[in-house]
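For reference, the structure discussed in these notes is given below.
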Amino acid sequence: MKSKIGYRLSEIEQEAIAICYPWIFKGFQFLKPETGHELAIGSLLLGLCGGHKPWQDDPILQVNAMGLSFPNPIGMAAGFDKNALVISPLARLGFGAVEVGTVTPRPQTGNSKPRLFRLTEDGAIINRMGFNNDGINSIVVRLEKIKGSKGSFKTTANIPVGVNIGINKIGADPEKDYPFLVGKVQDYADYIVLNLSSPNTPGLRDLQHPSRLRGILAAIKDQYPHHPPVLVKLAPDLEEKEIEGIVETVIEAGITGLILTNTTISRPDDLQGAFRYEPGGLSGRPVRQKSTEMLARVARLSKGRLTLIGCGGIETGADVIEKITHGADFAQVYSALVYEGPGLVRRIKKEIVEILNQQGIKHISELKNIAL
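Oh and the sequence shown: position 128 is 128 in our numbering, straight run, nothing missing.
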């Protein structure tokens, strides 16, 4: 069947690609990682994606959080679709939500290449992309085509769409830039994420300090008191005392929640990949335990007062369940999609349903009781 932008695969063809992806990925490894990413975006734009519809998900997987309904607890994390180009194709892969960005006030090319590295042996990625994106004005135009004014859905992307926002490397004024970005996207985003934790923009992580964070959140509230749900994405490298201060600051400011976590600047001793010492943020399997431990700490501190999104090292249905039982409302993936391809989300959802059924759990929301 033809779509407006290209050929859309049949279910049999989609299944064949999912089965063959391990061999396809071997071919991808001969390409530079960033070239592989561009090829993946191009393939999605051409319609080489799934044909999933949100109502096809098992009702046992539905999640309600932030006043939004998610057909399943697996979101696409920010960083994959930086420029809001493939929201609908990602929805057709079966994601329960898609987060685009990070988007900045002005377009920027990001850091010099190479800046993206596969650690295949570790199921991990190191990136120092530096918020390369087309800038907020271009992204808003695309979001309006997808979502319509005030978030009324116009395409098959009938799932929550988040927008991840950040500051430019040069000429940034965080207390002005973040409110400006919120104002730009508030009519087109179901939720907004403040990226204060990428290690690839100098000085960005300093904005997580409660004194700076308080000023940014106050500025947003003063200028846009009726904005969509706002979350803050945190680094996994924070100390315990820093986490406590951030949690209380966010709660006092009336912010909806936190994403736990971004990439880490640490390097576990058992990393095997040849690029393990490259500067940048490490994501994927080696981050899973660290991000889950931080999620659990924040869940204990926040005591149900925040929406929590678990992100970091998720590869299986059991990993998603682990995040939820440690306090997450839902989860996000990215690195695993690189290594497994378009069949990832379908497999994870199937595994979650199997585990819930085996344990006699009637709905995924029951897992939150374990965390509390």
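From the three backbone atoms N, C-alpha and C, an ideal C-beta is built for every residue, glycine too.
On a predicted model such as this, the values are computed, not experimentally measured, just so you know.
Do you know offhand how far residue 367's Cα is from residue 320's? Locating residue 367 in the sequence shown gives position 367, counting from the first residue. Locating residue 320 in the sequence shown gives position 320, counting from the first residue. Looking at the two C-alpha atoms, the distance is approximately 11 Å.
Ordered list of alpha helix (DSSP H) runs contained in the segment 213-248, each at least 4 residues: none
Grab the span of the beta strand (DSSP E) containing residue 359 for me, first residue to last. Numbered from its first residue, the sequence shown carries residue 359 at position 359. Per DSSP, residue 359 belongs to no beta strand (DSSP E) and is neither H nor E.
Under the assumption that residue 226 contacts residue 192 (Cβ atoms under 8 Å), give the Cβ distance between them as a whole number of angstroms. Working through the sequence shown from its first residue, we reach residue 226 at position 226. Working through the sequence shown from its first residue, we reach residue 192 at position 192. Wrong, their Cβ atoms sit about 13 Å apart, outside the cutoff.
Less than 7 Å between C-beta atoms, sequence neighbours within five positions excluded: which residues of the same chain meet that for residue 121? Within the sequence shown, the letter at position 121 stands for residue 121. Same-chain partners within the cutoff: 272 and 273.
Just to confirm the assignment: which complete beta strand (DSSP E) runs, minimum length 3, are found wholly within the segment 255-328? 257-260, 281-284 and 307-311
Using 9 Å as the threshold, is the C-beta distance between residue 72 and residue 100 below it? As a first step, residue 72 is located in the sequence shown; it is residue number 72 there, counting from the start. As a first step, residue 100 is located in the sequence shown; it is residue number 100 there, counting from the start. Cβ atoms of residue 72 and residue 100: not closer than 9 Å.
In chain order, what residues of the same chain lie with their CB nearer than 7 Å to the CB of residue 258, ignoring the 5 residues before and after it? Taking the first residue of the sequence shown as 1, we reach residue 258 at position 258. Closer than 7 Å at Cβ, skipping near neighbours: 231, 232, 234, 250, 298, 306 and 308.
Beta-bridge pairing of residue 198 - partner residues as DSSP gives them: Reading the sequence shown from its first residue, position 198 is the one you call residue 198. None; residue 198 has no bridge partner.
For residue 188, does the three-state DSSP call read helix, strand or coil? By one-based count along the sequence shown, residue 188 stands at place 188. Of the three classes helix, strand and coil, the one that applies to residue 188 here is coil, per DSSP.
Taking the alpha-carbon positions, what's the residue 356 to residue 362 distance? To locate residue 356, count along the sequence shown from 1; it is residue 356. To locate residue 362, count along the sequence shown from 1; it is residue 362. Each residue's alpha carbon lies about 7 Å from the other.
With DSSP collapsed to three states, give me the class of residue 154. Counting from one through the sequence shown, the residue named residue 154 turns up at place 154. Reliability fails at residue 154, whose pLDDT of 44 lies under 50, so the model's placement of it is uncertain and the value that follows must be treated cautiously. Correct three-state label for residue 154: coil.
Is the segment 175-188 touching the segment 57-71, taking contact as three or more C-beta pairs under 8 Å? no
Are the beta-carbon atoms of residue 291 and residue 123 separated by less than 9 Å? Reading the sequence shown from its first residue, position 291 is the one you call residue 291. Reading the sequence shown from its first residue, position 123 is the one you call residue 123. Cβ atoms of residue 291 and residue 123: not closer than 9 Å.
Residue of 358, 243, 146 and 126 minimising C-alpha distance to residue 160: Position 160 of the sequence shown holds residue 160. Looking at the Cα atoms, 146 is the closest of the given residues.
In the DSSP output, what is residue 331 paired with across the bridge? For this step, residue 331 is matched to residue 331 along the sequence shown. Answer is 74 and 310, bridged to residue 331.
Using a Cβ-Cβ cut-off of 7 Å (strictly less than) and excluding sequence neighbours within five positions of residue 217, which residues of its own chain qualify? To locate residue 217, count along the sequence shown from 1; it is residue 217. If we look at residue 217 and ignore the five residues flanking it on each side, its Cβ neighbours are 253 and 255.
Supposed contact pair residue 280 and residue 128 - C-beta distance, whole angstroms, cut 8 Å: Taking the sequence shown and counting its residues from 1, one reaches residue 128 at position 128. Taking the sequence shown and counting its residues from 1, one reaches residue 280 at position 280. Indeed, because the Cβ distance is near 3 Å, the residues count as touching under 8 Å.
Please say whether residue 125 and residue 33 have beta carbons closer to each other than 9 Å? In the sequence shown, counting from the first residue as 1, residue 33 sits at position 33. In the sequence shown, counting from the first residue as 1, residue 125 sits at position 125. For residue 33 and residue 125, yes; Cβs fall inside 9 Å.
Taking only three categories from DSSP, how would you classify residue 164? The residue labelled residue 164 in the question sits at position 164 within the sequence shown. Strand, per DSSP.
In terms of alpha-carbon separation, which member of 240, 239 and 110 lies closest to residue 170? By 1-based counting over the sequence shown, the position of residue 170 is 170. When each option's Cα is compared against that of residue 170, the closest is 110.
Roughly how far, in whole angstroms, is the beta-carbon of residue 61 from the beta-carbon of residue 349, given that I think they are within contact range, below 8 Å? Locating residue 61 in the sequence shown gives position 61, where the first residue counts as 1. Locating residue 349 in the sequence shown gives position 349, where the first residue counts as 1. So it is a contact: roughly 6 Å between Cβ atoms.
Using the Cβ count rule (16 or more neighbours within 10 Å means buried), how would you classify residue 188? Stepping through the sequence shown from its first residue, residue 188 is reached at position 188. Residue 188 comes out buried.
From residue 153 to residue 221, what distance separates their C-alpha atoms? Locating residue 153 in the sequence shown gives position 153, where the first residue counts as 1. Locating residue 221 in the sequence shown gives position 221, where the first residue counts as 1. Model confidence at residue 153 stands at a pLDDT of 46, short of 50, so the residue's coordinates are unreliable; what they give is reported in the following sentence. The alpha-carbon atoms of residue 153 and residue 221 are separated by roughly 26 Å.
Contact check, residue 63 vs residue 96, beta carbons under 9 Å: In the sequence shown, the residue the question calls residue 63 occupies position 63. In the sequence shown, the residue the question calls residue 96 occupies position 96. Their beta carbons are under 9 Å apart, which means residue 63 touches residue 96 by this criterion.
CB-CB under 8 Å to residue 117, same chain, minus the five flanking residues each way: which ones, in chain order? For the purposes of this step, residue 117 is taken as the residue at position 117 of the sequence shown. Around residue 117: 33, 125, 126, 127, 273, 275, 278 and 280.
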